[in-house]
Amino acid sequence: MVLLIRFCISDSDIIAGKGDGIMRKLQKLWIILFLGILFTAPVLLLIMPKQQYSISERRKLKTMPAITMDGILDKSCMQSIEEYLLDHFPFREQLRRMKAYYAYDILQQKENNGIYVAGGCAGKLEYPLRESEIAKAADRMLSLKQQYFPDARTYYAIVPDKNYYQASAYGYPVMDYEKLDNILQKKLTDMSQISLWDTLTIENYYCTDTHWRQERLQPVVDRIGEQLDFSIDLSTLRKESIYPFYGVYYGQSALPLQPDTICYYTDEIIENVQVWNLEDDQIESVYRPQITEKEGQVDLYDFYLGGASPVQVLTSPQAQTDRKLIIFRDSFGSSLAPLLSEVYHEIILIDTRYISASRLGEYVDFTDADVLFLYNTLLLNHASMLKE
């Protein structure tokens, strides 16, 4: 590049102040660069290996579509080809990073595609509050209680998303968390609330991900234990770690953020817990060290219980009691449930994003169980994801 510029603009031109000549040679330079990109990009696109998955974006990349006459006539074929070319454009990741730097550093934007970085940690804007969605979440929780466990001890706990502790402190808009809490309190009068708002800080969350850190959940475990009559001292457990962990916001921000470390607790009790999964009808362990960022499995947070599943049953042979706990949960419950297996002989995890509530009676026995609804504010604000 330097040689090309030296070729187009000589020192004598600059010294002599030949403005017109310099401008003509600059125009020539841009033409050469444009033509170079125009002809080399297709060649690189043909010869460079094609990726099937984007680890940073957590999604499958487009494949080359079949070219048909119908697709040409209705223009869907050209649109699919365009999407394919965009997904496999040479040096795409580097260009995404350049775009992010341009947005943050040159344009001084406070966010890029909804992703912001504050205090070295990335987050995603979530506002305004969708009051109808919060009410819908409450109605579905009440419907489940009425249908399956009308007389059971039932609790609900709201897991604040990290924006509650991070966004407003840096001047970013946030949803009305107080109104969210009030809506649920007014509708869920038949349930006991377990307030977690004051048990967490931004340090309890991963910098590059939306989830909370298991090793920072002692205050959460204590608060839940106060209501459900148990006590667990996490400091008596063995702590191990996995590095690096690139959370969902690492890829979405397209910035070279420092990766996180997954720290997790274990002991003989947790290691002997058996996890049954409805999807594959198999027994596995609580933690899945074999899970890495690879094709078809691109979220290292799935280390906890193998990730999302409609119904999972954790059986803890060495638990302190023979009690049973049913948790209606989202992904935040994946890292909390293993800790509770110290106390509960059986923990049933239900995620109604992946199974219709009307079918639960086929797989779950609700008798003699404590019931906890544990939902993150991000899910509550999009409660239509919960199936009826």
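All letters in the sequence shown, in the order written, are residues 1 to 388 by the working numbering. Beta carbons are placed, not taken as given, at the ideal position from N, Cα and C, and that holds for glycine.
Annotation: Asp281 is outside any beta strand (DSSP E) and is labelled neither H nor E by DSSP.
Judged by their CB atoms, Ala66 and Gly123 are not nearer to each other than the 8 Å cut-off.
For Tyr243, the enclosing beta strand (DSSP E) starts and ends at Arg238 to Phe245. Between Ile348 and Val313, the beta carbon gap of about 5 Å places them in contact (Cβ cut-off 8 Å). Around the beta carbon of Gly114, a 10 Å sphere encloses fewer than 16 other beta carbons of the protein chains shown; the residue is thus reported as exposed.
As DSSP reads the structure, Phe366 sits in no beta bridge. Distance from the CA atom of Val286 to the CA atom of Ala135, rounded to whole angstroms, is 33 Å. Under the DSSP assignment, Thr377 falls in the alpha helix (DSSP H) whose first and last residues are Thr377 to Leu380. Between the stretch 241–253 and the stretch 198–212 there are three or more inter-stretch CB-CB distances shorter than 8 Å, so the stretches are counted as touching. When the five nearest sequence neighbours on each side are left out, the beta carbons in the same chain lying within less than 7 Å of the beta carbon of Tyr148 are those of Leu360, Gly361 and Phe366, in order along the chain.
If you draw a 10 Å sphere on the C-beta of Gly119, you find fewer than 16 other C-beta atoms in it, and that means exposed. Listed in chain order, the non-local C-beta contacts of Leu180 below 7 Å within the same chain comprise Leu129, Ile134, Thr377 and Leu380, local neighbours out to five positions each way being set aside.
Annotated three-state conformation of Glu388 is coil, per DSSP.
Of all alpha-carbon atoms in Lys28, Ser143 and Asp302, the one lying nearest the alpha-carbon of Phe245 is that of Asp302.
Judged by their CB atoms, Arg216 and Glu203 are nearer to each other than the 8 Å cut-off. Around Ile327, the same chain offers Gly333, Leu349, Leu372 and Leu374 as residues with beta carbons nearer than 6 Å, after the five sequence neighbours per side are excluded.
Within its own chain, the residues whose Cβ lies closer than 6 Å to the Cβ of Tyr165, once the five positions on either side in sequence are excluded, are Thr201 and Ile202, listed in chain order. If you draw a straight line from the Cα of Asp229 to the Cα of Tyr265, it comes to about 21 Å.
DSSP assignment within the stretch 329–353 yields the following whole beta strand (DSSP E) runs of 3 residues or more, N-terminal first: 346–350. Under the three-state reduction of DSSP output, Cys263 falls in the strand class.
Contact between Tyr363 and Val311 holds: CB atoms are separated by about 5 Å, below the 8 Å threshold. Around the C-beta of Tyr205, 16 or more other C-beta atoms lie within 10 Å, and the residue is accordingly described as buried. Within the same chain, Cβ atoms closer than 7 Å to the Cβ of Ser316 are found at Ile269, Val273, Ser341, Tyr344 and His345, the five residues on either side in sequence being excluded. Between Leu339 and Ile232 a beta carbon distance of about 6 Å is seen, short of the 8 Å cut, so the two are scored as contacting.
Annotation: Ile283 to Leu305 spans about 11 Å, alpha carbon to alpha carbon. Residues Gln193 of the same chain have their beta carbon placed closer than 8 Å to that of Gln185, with the five preceding and five following residues left out of the count. Taking Ala169 as the centre and dropping the five residues before and after it, the same chain places no C-beta closer than 6 Å to its C-beta. Setting aside the 5 residues that flank it on each side, Ala100 is surrounded in the same chain by Asn112, Ser253, Ala254 and Leu255, each with a C-beta closer than 7 Å to its C-beta; the list follows chain order. In this structure, DSSP gives Val221 a helical state, which the three-state scheme calls helix. One Cα belongs to Leu234, the other to Pro219, and the distance between them is close to 10 Å. Between Ala357 and Lys387, the C-beta spacing is below 8 Å. In this structure, the beta-carbon distance from Pro150 to Tyr177 does not fall below 8 Å. Assignment of Asn272 by DSSP, reduced to helix, strand and coil, places it in the coil class.
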